[in-house]
Amino acid sequence: MRTRKRIIQTAFALAFGGILIIPTHGWSMDAEDAPESVTIDSLANLYTGVEFNHAMHVEYASCQECHHHTTGGAVVNPNCARCHRNSGEADEVTCTGCHATNRFSETYIRALEAPELYHIDKPGLKGAYHLNCVSCHETTSGPTGCLDCHTMTESGEKMFNTGSHSPAKGQQSGH
Amino acid sequence: MKKTVSRRNLLKGGLAGTAAIAVMKNNETQAAQTFEGYPEGMGVLVDLTRCVGCRSCEAACNKEQGLPEPAKPFDDYSVFDEIKHGQKRRTDETAYTIVNKYDIPELDHPLFRKVQCNHCQEPACLTSCFVNAYTKTPEGAVIYNSKVCVGCRTCMIACPFYIPTFKYSSAFNPRIMKCIFCYDTRLKDGKPPACVEACPQEALTFGRRNDLINMGRQRIRETPGKYVEHIYGETEVGGTAWMYLSSVSFDKVGFDTHVPKEPILNSVKEFLAIVPMVLTIWPGLFAGFHLLATRKEKIKEQEEKEEQV
Ligand code: SF4
Ligand code: SF4
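Quick note, the sequences are listed as chains H and R, same order. For reference, each letter of the first sequence is one residue, going 1 to 175 in this note's numbering. For reference, each letter of the second sequence is one residue, going 1001 to 1309 in this note's numbering.
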């Protein structure tokens, strides 16, 4: 869908660019282009994944607040604007497209040595989700507890010694 | 370092026990004296503004290190109110890392601070240990060999952060217990420690120590007003592999801001130089006592024999 729209936009621009003033926001994605819902579960293990209601969140935040400079809208963060003021819509707008799941792997860390690299501190995927969601939820009184968004799995209960894996009662006083 | 070494040489000359000199010549001891850390080592940057106190790191550490079952589940947040001997929770032989909560009057939310071994660049525990139980690995971890530990607790006193603790499984088998940066199971294979991997907020960033300092500086520079302009651990006690960013001054979140900029051991080396000497002459003394005692007995025996004759 997006590509087709883009082609039409481009065709229009090419055809009438000379006489029409193309509004800059015409180059950015619209909320209607966005999916209704996104299943976020690629990292799910200790907790179940999250069914993210994208349509509902569009009412709380602008595209840029989560998608940064990739959806073509004007970036708010002055640090991003230094390079991305006019960088337009990116080919990749998904979280996974930029935020790595192997953020602390040897390969990733070695790649950070490139002297010309500005993004030396881009959060990994898990960090990107939680940093963005939780900080906004804090200011908008959204849910912030782990279990407000996730359900703990069996392996989660084992990891946290909770639920069916709670510490044995008799030992609790022994400390 | 040069200066202190020569001061030590002076000391050697001054105390001039031949036994002491024998120990000083020991290669490993020499290495410990001149050790200046591994600038290429790994570290972790802890950002207190990101931590939400979920205790996932504590749970992950417990499982990775095979530590005993906790008294309370790791999703029980009442532990933040626990006070023992007037202090918040500390790391011990059952928990190599713990998270504490700090109410900050000027903030509308608390701050959380994760505590574990800071894996100093020039570790006081290492330099203080006269049986060389500790090693700073090129990867950045400060690990220990519990087999050679004699349980003297010098490292406990030397550590500026009160980290090493002991497990006395038997009176003759003391074991140092502390965070080892998941060296055996992860770090030596280039993997991040379990706590870092578990943290949902990326409050813990694993990387080369030098890169982490640049990241920390970038965060401070590009979000003016968010952080105090200091990376705790960049220079403290000669630098630590685990470093911290905070939005309030570090003393408000339980950090000791009076630790020296110099490695701790520079100031106590004189004392510690004596320890190996005492230990080295100890066998000699002991043998001496033994000889004296047995000689007395022999004399006695001799006398008794003579009397019988
Ligand atoms: S924090 Fe303490 S135990 Fe850890 S390396 Fe430094 S001196 Fe040693
Ligand atoms: S896992 Fe991360 S966010 Fe959670 S308490 Fe530990 S450091 Fe803080």
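Backbone N, C-alpha and C fix where the C-beta goes; we use that ideal spot for every residue, glycine too. On a predicted model such as this, the values are computed, not experimentally measured, just so you know.
A straight line joining the alpha-carbon of R/Val1248 with that of R/Asn1173 spans about 43 Å. In chain order, the residues positioned with their C-beta nearer than 6 Å to some heavy atom of ligand 1 are R/Cys1117, R/Asn1118, R/His1119, R/Cys1120, R/Pro1123, R/Ala1124, R/Cys1125, R/Val1142, R/Cys1159, R/Phe1161, R/Ile1163, R/Pro1164 and R/Lys1178. Residue contact with chain H for R/Asp1211: present (Cβ-Cβ distance below 8 Å to some residue of chain H). Listed in chain order, the non-local C-beta contacts of H/Asn102 below 6 Å within the same chain comprise Tyr108, local neighbours out to five positions each way being set aside.
H/Glu113 is classed as exposed because its beta carbon has fewer than 16 other beta carbons within 10 Å across all chains shown.
Under the three-pair Cβ rule at 8 Å, the stretch 1074-1086 of chain R does not count as touching the stretch 1211-1231 of chain R. Looking only at R/Met1177, R/Phe1255 and R/Lys1167, the smallest Cα-Cα distance to R/Cys1125 is reached by R/Met1177. Taking one beta carbon from each stretch, the stretch 88-96 of chain H and the stretch 52-62 of chain H have fewer than 3 pairs nearer than 8 Å; the two do not touch.
Fewer than three Cβ pairs drawn from the stretch 1148-1167 of chain R and the stretch 1037-1052 of chain R lie within less than 8 Å of each other, which leaves the two stretches out of contact.
According to DSSP, residue pairing for R/Ala1095 in a beta bridge involves R/Asp1092.
Between H/Val38 and chain R, the shortest Cβ-Cβ separation is not below 8 Å. Annotation: H/Thr139 is outside any beta strand (DSSP E); the continuous alpha helix (DSSP H) that includes it extends over Leu125 to Thr139. Of the heavy atoms belonging to ligand 2, none sits nearer than 7 Å to the Cβ of R/Ala1095. Scanning the stretch 1163-1204 of chain R for uninterrupted alpha helix (DSSP H) segments of 4 residues or longer gives 1194-1198, listed from N- to C-terminal end. If only uninterrupted alpha helix (DSSP H) runs of at least 4 residues are considered, those enclosed by the stretch 1043-1093 of chain R are 1056-1064. With the criterion set as a beta carbon lying under 7 Å from some beta carbon of chain R, the members of the stretch 88-116 of chain H are Phe104, Glu106, Ile109 and Leu112, in sequence order. Straight-line spacing of the CA atoms in R/Arg1209 and R/Val1237 works out to 15 Å.
Within the same chain, and ignoring the five residues on either side of R/Thr1205 in sequence, the residues whose Cβ sits closer than 6 Å to its Cβ are Leu1045. Of all C-beta pairs linking the stretch 147-162 of chain H to the stretch 77-86 of chain H, fewer than three are shorter than 8 Å, placing the two stretches out of contact. Identification of residues in the stretch 142-163 of chain H having a C-beta nearer than 7 Å to some C-beta of chain R yields Cys146, Met159, Phe160, Asn161 and Thr162, given in sequence order. H/Arg103: not part of any alpha helix (DSSP H); DSSP gives it neither H nor E. H/Ser37 sits in a strand when the DSSP states are folded into three classes. Contact with chain H is absent for R/Asp1081, since none of that chain's Cβ atoms lies less than 8 Å from the residue's Cβ. With a beta-carbon spacing of about 6 Å, R/Ala1141 and R/Ile1180 fall inside the 8 Å limit used to define contacts. At least 8 Å separates the CB of R/Asp1092 from every CB of chain H. Fully enclosed alpha helix (DSSP H) runs of no fewer than 4 residues occupy 54-57, 63-67, 78-84 and 95-98 of the stretch 52-104 of chain H, in order along the chain.
Annotated as proximal: R/Pro1138 and R/Gly1041, with beta-carbon spacing under 8 Å. For H/Ser42, not one C-beta of chain R is nearer than 8 Å to its own C-beta. Under the three-state reduction of DSSP, R/Gly1238 is assigned to helix. Judged by their CB atoms, R/Gly1066 and R/Ala1241 are not nearer to each other than the 8 Å cut-off. If you check the CB distance, H/Pro143 and H/Cys136 do not come in under 8 Å. Relative to ligand 2, the nearest heavy atom lies less than 7 Å away from the CB of R/Phe1112. R/Lys1226 sits in coil when the DSSP states are folded into three classes, being neither helix nor strand. Contact annotation for R/Asp1256 against chain H: no contact, minimum CB-CB distance about 26 Å [criterion: below 7 Å].
Residues of the same chain with their beta carbon placed closer than 7 Å to that of R/Gln1218 are lacking, with the five preceding and five following residues left out of the count.
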